[in-house]
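Structure first, commentary second.
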């Protein structure tokens, strides 16, 4: 991403957006990103070891957004998230599991942390994952702006996988034992309207997704891309009020390129004599 | 919540300073089970970068700490009362608009750090900015070339010194109206010599250990007025009479040979967003991607101090090559290697105290007074454009040579005052908002008079650059940095002979103004010890899968 300015698709302006992924273990963070980046889903995925860094482009009508996705993947377990994980991030995806009430509480902690520590203009999306485990439109229907309604109408049932026990395997499968009772095929524990009300109150984008079926996954990223203010794309990472109006941060006139010209300019030419 | 003690760790890295973090990076593809902890709640250790609030918290924390041999002491923050008028730049911004580096260093283009950041691919997550012009403060009268100031204004105030730009090449020298022909000749001759000084031992060998100013006068007929600019390039904290010729030649050659490496007109860079701290974090990040587990807010402890059951080797449960270490909450973990700074390893030594000789103190410490000052101006005259095609500089160096500042009454008249260095960072560094600047000042004095000098230097600098409106100090932090001197880094060899080889101690980072490549030697040596025959090429990694995935999006 240092030297590839202009290599992007055609004449549309292309900008990089740093996005951090936060949420409790086993809510399906990595699965969401795998769905988005590779359109792929793994049952019984091993917990993500370490952290990961992935990129994916998102084409909007007027511009291309290249997401740099920082999957914190477990690093948050020991209160070790570096400021640089979310410093200068323009977007954050805070994920909870609709089948685990505690995971929404954890998500709310992350939102508070971001509001305290991250760049002031950061776009935060709250995402309730594993919507395929909800039986049917339950206690909501009022969701609109975030598009979570789709999650409810389309939700596949846990019954597809047989009994409730197998439903626990869906998603990350991190940390093994999550106790889900199944409740006749509807494992939902977080009502859509509750999460939606919270998201509205905090000014967050809101979606319910299924990394398993792919439902609403691309929509989340598109919505984030659309919500990134044009202005924050122009300066490097939207912080510090850069004066350059050229486009992406590749064109930052102050940046030194460590890889170009290293061999071209030999010691003698470069030297004072 | 999972616990840390159900893993047999291969390496426990203590502290997230630059060296430890680079080691984590070096080990990130090794498959070793790495646990990386820091007693602080922030990354970077002695190289940390702080927001205003974090700086306040740090001050309180250090004041409460009872740890001996702290790196930083005598911390204070000064925030002059603010006028509530004027532009945004004239006011202190919100806390997180600032990333102030405790240990700011420039990185020369020829430093071996940069190729390592490239070969390990982490440079992609870093931004580097150019350090442009070097200035020497001169209190003497002379032709005025103080940047941005009117000649008349300069003459009107006789007490006002000026800043003289250090020529960075032959064109600069010839274009400089303040130099007479003789001076230009001496300078050019010296510059020609220094490019390949190693090949001309006859010129300098006999001066090797002698004072550099004498060498300049004797061998190059250097006019006195030219000595300060040339000596400033050494970044030596000492008074000139104590700078040896060999040291100075190596330092000046390092400076000049770096110019032009990454673009015309500059020879050093600084990482954006808080300097070395950002490199630490990026390196830790790479360690995390490689599977290392990171825990902040947890250091090593002596189990006796927390009433934890003391571990006694029974021979059954502990493999001979395993070390047992206790973490802050009493958790005991096993590991094959422990790496860290001496300060951070102290509790581990104390834990072994009962059956081992007390580890001797490694010796004296040197102290430097430092200050960080946020000013309400971009100080643009210090950052002139370098050359066509060069990046806009974000850093500048200002040197107050030995003798240019005075301590006034009560000071020892015969005493030589060491030089004061200021690294000036613009808003482009991400360390302060656009329109403001951060001044990092340091002087190699251990007593309070160091702070007096720093304050004086900052004031004189602001006065010498007549900005409109006048630059004011919005916030400042001052502190002392202590570095315990150790001849050379070494693993602790005098302790328990069976395990002591597995404890690797890093030396504390010196308060240098430029990154010292020997830092990497320590990292590389410890990496080699840990990996043994498995060690491949140091810090040379392929792209990870998933990096740079460029599939079209799946909307």
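Protein chains in written order, with full-length UniProt numbering: chain H, 1 to 273; chain W, 1 to 555. Ideal Cβ placement from N, Cα and C applies to all residues, glycine included. Treat the numbers as computed from the prediction; the structure is a model and nothing was measured.
{"Asked": "CA-to-CA distance, residue 68 of chain H to residue 223 of chain H, given in whole angstroms", "Found": "16 Å"}
{"Asked": "Cβ-based neighbour list, residue 211 of chain W, same chain, cut-off 6 Å, excluding 5 preceding and 5 following", "Found": "241"}
{"Asked": "Separation of residue 348 of chain W from residue 494 of chain W, as counted between CA atoms", "Found": "Unreliable positioning characterises residue 494 of chain W in this predicted model, as indicated by a pLDDT of 44, which lies under 50. The coordinate reading is nonetheless provided below. Between residue 494 of chain W and residue 348 of chain W, the C-alpha separation is close to 14 Å."}
{"Asked": "Interface partners of residue 394 of chain W on chain H, CB under 7 Å", "Found": "254"}
{"Asked": "Min CB distance residue 257 of chain H to chain W below 8 Å", "Found": "yes"}
{"Asked": "Interface positions of the region 118-131 of chain W facing chain H (Cβ-Cβ less than 7 Å), listed along the chain", "Found": "118, 123, 124, 127, 128, 129 and 130"}
{"Asked": "Paired residues, beta bridge with residue 36 of chain W - DSSP", "Found": "W:13 and W:294"}
{"Asked": "Minimum Cβ-Cβ distance from residue 515 of chain W to chain H less than 8 Å", "Found": "no"}
{"Asked": "Segments of 4+ residues assigned as alpha helix (DSSP H) that fall wholly inside the region 359-440 of chain W", "Found": "none"}
{"Asked": "Residue 417 of chain W to residue 446 of chain W span [Cα, whole Å]", "Found": "12 Å"}
{"Asked": "Beta carbon proximity, residue 114 of chain W to chain H, threshold 8 Å", "Found": "yes"}
{"Asked": "Bridge partner(s) assigned by DSSP for residue 91 of chain H", "Found": "H:19 and H:123"}
{"Asked": "Residues of its chain near residue 12 of chain H, where Cβ-Cβ distance is below 6 Å and the 5 sequence neighbours each way are ignored", "Found": "63 and 64"}
{"Asked": "Cβ-Cβ separation, residue 263 of chain W to residue 390 of chain W (assumed contact under 8 Å), whole Å", "Found": "5 Å"}
{"Asked": "Rounded distance between the beta-carbons of residue 438 of chain W and residue 374 of chain W, thought under 8 Å", "Found": "6 Å"}
{"Asked": "Residue 443 of chain W and residue 420 of chain W closer than 8 Å at C-beta", "Found": "yes"}
{"Asked": "Backbone CA spacing between residue 259 of chain W and residue 80 of chain W [nearest angstrom]", "Found": "39 Å"}
{"Asked": "Beta-carbon gap between residue 190 of chain W and residue 204 of chain W smaller than 8 Å", "Found": "no"}
{"Asked": "N-terminal and C-terminal residue of the beta strand (DSSP E) that residue 481 of chain W is part of", "Found": "473-484"}
{"Asked": "In DSSP terms, what residue 128 of chain H is bridged to", "Found": "H:96 and H:208"}
{"Asked": "Cβ-Cβ distance between residue 41 of chain W and residue 297 of chain W below 8 Å", "Found": "yes"}
{"Asked": "Residues near residue 540 of chain W by beta carbon distance below 8 Å, same chain, minus five either side", "Found": "119 and 120"}
{"Asked": "CB contact check: residue 397 of chain W to chain H, cutoff 8 Å", "Found": "no"}
{"Asked": "Test item: CB-CB of residue 333 of chain W and residue 12 of chain W under 8 Å", "Found": "yes"}
{"Asked": "Residue 76 of chain W (DSSP reduced to helix, strand or coil)", "Found": "strand"}
{"Asked": "Identity of the residues DSSP links to residue 162 of chain W by a beta bridge", "Found": "W:138"}
{"Asked": "Limits of the unbroken alpha helix (DSSP H) element including residue 556 of chain W", "Found": "The first residue shown for chain W is 1 and the last is 555, placing residue 556 of chain W beyond what the model contains."}
{"Asked": "Chain-ordered chain B contacts of residue 269 of chain W [CB-CB under 7 Å]", "Found": "No chain B is part of this structure, whose protein chains are labelled H and W."}
{"Asked": "Inter-residue spacing [alpha-carbon to alpha-carbon] between residue 514 of chain W and residue 103 of chain W", "Found": "10 Å"}
{"Asked": "Nonlocal neighbours in the same chain, by C-beta distance under 8 Å from residue 42 of chain H, ignoring five residues either side", "Found": "31 and 34"}
{"Asked": "Residue-level contact to chain H via CB, residue 506 of chain W, 8 Å cutoff", "Found": "no"}
{"Asked": "Span of the beta strand (DSSP E), counted from its first residue to its last, around residue 271 of chain W", "Found": "268-271"}
{"Asked": "Contact the region 472-486 of chain W vs the region 381-398 of chain W: 3+ CB pairs below 8 Å", "Found": "no"}
{"Asked": "Among W:165, W:278 and W:299, nearest to residue 228 of chain W - alpha-carbon criterion", "Found": "W:165"}
{"Asked": "Residue burial classification, residue 120 of chain H (beta-carbon count within 10 angstroms, cutoff 16)", "Found": "exposed"}
{"Asked": "Proximity test, Cβ basis, 8 Å: residue 176 of chain W and chain H", "Found": "no"}
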